[in-house]
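These notes are about the structure you will find just below.
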Amino acid sequence: MTDHEEFRRQVRAWLAGNVPAGDLPDPDTDDGFGAHRDWERRLYDAGYSGISWPTEYGGRGGDVLHEAIFAEEYELAGAPVRITRPAQRFLGPTLIRYGSAEQRRRWLPGMLRADHIWCQGFSEPDAGSDLAGVRTRARWDGDRFVVDGQKTWTTYGRFGDRMFTLARTGEPGGRHRGLSCLVIDMRGAGVRVRPVRQAHGQTGFAEVFFDSVAVPAGNLVGPRDEGWDVAMTLLSFERGPDAGAPVRTRRRLDALVGDIVEAGGSPGTVRDLGDLYARLSAFQAYTCRRVGARLAGEPVGAESSLVKLFAARLDADIVQLGVELFGDERLAERAPEFLDYWHSRAGSIYGGTAEIQRNVVADRILGLPRC
Ligand SMILES: Cc1cc2nc3c(=O)[nH]c(=O)nc-3n(C[C@H](O)[C@H](O)[C@H](O)COP(=O)(O)OP(=O)(O)OC[C@H]3O[C@@H](n4cnc5c(N)ncnc54)[C@H](O)[C@@H]3O)c2cc1C
């Protein structure tokens, strides 16, 4: 794999010549999803998908630093949102860690090429923060599992082909034991996908219902009844450092400053901005430190909760300041970044809520007693 600085030069040059001019349509629409899928294929064909994944599964075979460089350059170039993000960031890495050689060969290349869109099927109507409370049941039936239940808040569920699911295979009282991770074909018999309309009017999100869905034994990922560890690894990848995130956040903050300079800001506003830039610098430094730790071979662990907590709060505060100063309509008009006002609110919920991250930090990093 290319030396890091040379890699950065190559990525920058490729993105400069290939990032579509203007925004692609919203990926939560049919047209938009198709346009984003085409973009994913261009990235894949150019060798810019799965930067740190093994080459035998279609990746580029780089290290964590190559991955971080790509993420930074991608955001600096203002390239489109990735519809393979769940696959690239946490579903694929979990399969690389826990999947069998046959499963990796079967699933990973199609994930990177966006031939199959992968969804995360953890949350249920009565199991979010309390994930061990999942009620979706996978009954063993001789040579396969039969799944009944419901998942909710499934990102890109409307377009999904495969779902990485957590289901109960053991006794209901077993809590963390008796859960297993299964890959379910979302186009198969007995699966019903009901799109959910969101605040911005689009319907990429979905609820997914399973009615006696047959799942081959070969779709079990990791040991049967011990899927909790697999699920926790997946979540730590999901919450873990993303070198592109501070770049995205800086763009948002710079856009806000541009508006404030034009409109004129009070001393109070300048103080608020100073505070936000200081937090952005800390976020950037902490992200670099976590990337460095991963490069040195440290596992992604509870510290990913700190990253998630910090990033979600900072993003929401930047957007909130903009809304307080200018009102959401004017912001939407002047700075397209602020159209995702709603999404900034969701940052403290998806991947585990802010309260749950604080519980993890208190328990696993600070070692505080449980109340
Ligand atoms: C944009 C978005 C995308 C998502 N995508 C997916 C997806 O693709 N796949 C998927 O499986 N899920 C997805 N989710 C769901 C997400 O993981 C859950 O919403 C989240 O885990 C919270 O669960 P809940 O909604 O059931 O809230 P609840 O768990 O019911 O929590 C309600 C409130 O109580 C608080 N609370 C609960 N327990 C505790 C506790 N022990 N201590 C302190 N406070 C507590 C919570 O912090 C929260 O404020 C997505 C959510 C969003 C917003």
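Reminder that position 7 of the sequence shown reads as 7 in the UniProt record's numbering, one-by-one numbering, no gaps. Beta carbons: idealized from backbone N, C-alpha and C, even for Gly. If you're wondering where the values come from, they're calculated on a predicted model, not measured in any experiment.
{"Item": "6 Å CB neighbourhood of D211 in its chain, flanking five on each side removed", "Value": "G190"}
{"Item": "Opposing strand residues paired with A149 [DSSP bridges]", "Value": "Rather than Ala, the amino acid found at residue 149 in this sequence is Gly. Beta-bridge pairing links G149 to F210."}
{"Item": "Cα-Cα separation between G352 and E262, rounded to whole angstroms", "Value": "38 Å"}
{"Item": "Closer than 6 Å: A346 CB and nearest ligand 1 heavy atom", "Value": "yes"}
{"Item": "Residue burial classification, W228 (beta-carbon count within 10 angstroms, cutoff 16)", "Value": "buried"}
{"Item": "Pairwise C-alpha distance: D63 and F338", "Value": "Reliability fails at F338, whose pLDDT of 48 lies under 50, so the model's placement of it is uncertain and no value is given."}
{"Item": "Beta carbon of V11 nearer than 7 Å to that of E72", "Value": "no"}
{"Item": "Beta-carbon spacing of V291, G240 below 7 Å", "Value": "no"}
{"Item": "Residues sharing a beta bridge with G121, DSSP", "Value": "T165"}
{"Item": "Range covered by the alpha helix (DSSP H) that runs through D31", "Value": "D30 to D45"}
{"Item": "Contact test: residue 378 Cβ vs ligand 1 heavy atom, cutoff 6 Å", "Value": "Outside the shown range of the chain, which is 1 to 371, sits residue 378, and nothing can be said about it."}
{"Item": "Residue nearest to L280 in terms of C-alpha spacing, selected from R135, L43, A296 and R251", "Value": "R251"}
{"Item": "Range of the contiguous beta strand (DSSP E) that encloses residue 380", "Value": "Nothing about residue 380 can be read from this structure; the chain reaches only from 1 to 371."}
{"Item": "Local conformation of E226 per DSSP, three classes", "Value": "strand"}
{"Item": "As assigned by DSSP and simplified to three states, the class of L276", "Value": "helix"}
{"Item": "Near ligand 1: S180 beta-carbon under 6 Å from a heavy atom", "Value": "no"}
{"Item": "A346 versus A316: straight-line alpha-carbon distance, rounded", "Value": "9 Å"}
{"Item": "Ligand 1 heavy atom lying under 6 Å from the CB of S123", "Value": "yes"}
{"Item": "A167 classed as buried or exposed, judged by whether at least 16 other C-beta atoms fall within 10 angstroms", "Value": "buried"}
{"Item": "Bridge partner(s) assigned by DSSP for L220", "Value": "L182"}
{"Item": "Classification of A217 by the beta-carbon crowding that lies within 10 angstroms, buried from 16 upward", "Value": "exposed"}
{"Item": "Straight-line Cα distance separating W140 from I69", "Value": "45 Å"}
{"Item": "Min CB distance S305 to chain B below 7 Å", "Value": "Structure shown: chain B not included; a single protein chain is present."}
{"Item": "Residue interval of the beta strand (DSSP E) (run including W53)", "Value": "Neither: W53 is in no beta strand (DSSP E) and is coded neither H nor E."}
{"Item": "Beta-carbon proximity check, A13 vs L24, cutoff 7 Å", "Value": "no"}
{"Item": "T155 Cβ short of 6 Å to ligand 1 heavy atom set", "Value": "yes"}
{"Item": "Where the alpha helix (DSSP H) through R313 begins and ends", "Value": "E303 to F326"}
{"Item": "Given K151 as reference, the closest of Y98, G128 and D254 once Cα atoms are compared", "Value": "G128"}
{"Item": "Opposing strand residues paired with P299 [DSSP bridges]", "Value": "Answer by DSSP bridge pairing: none, since P299 is not bridged."}
{"Item": "Residues sharing a beta bridge with R144, DSSP", "Value": "P216"}
{"Item": "C-beta atoms of G58 and L112 nearer than 7 Å", "Value": "yes"}
{"Item": "Opening and closing residue of the alpha helix (DSSP H) in which V11 lies", "Value": "H4 to N18"}
{"Item": "Nearest neighbour of V147, chosen from L220, G22, F159 and Q284 [CA to CA]", "Value": "L220"}
{"Item": "Three-state secondary structure (DSSP) of C371", "Value": "coil"}
{"Item": "Whether I51 touches E75 by CB criterion (7 Å)", "Value": "no"}
{"Item": "Nearest residue (CA-CA) to L314, options Q357, L253 and G297", "Value": "L253"}
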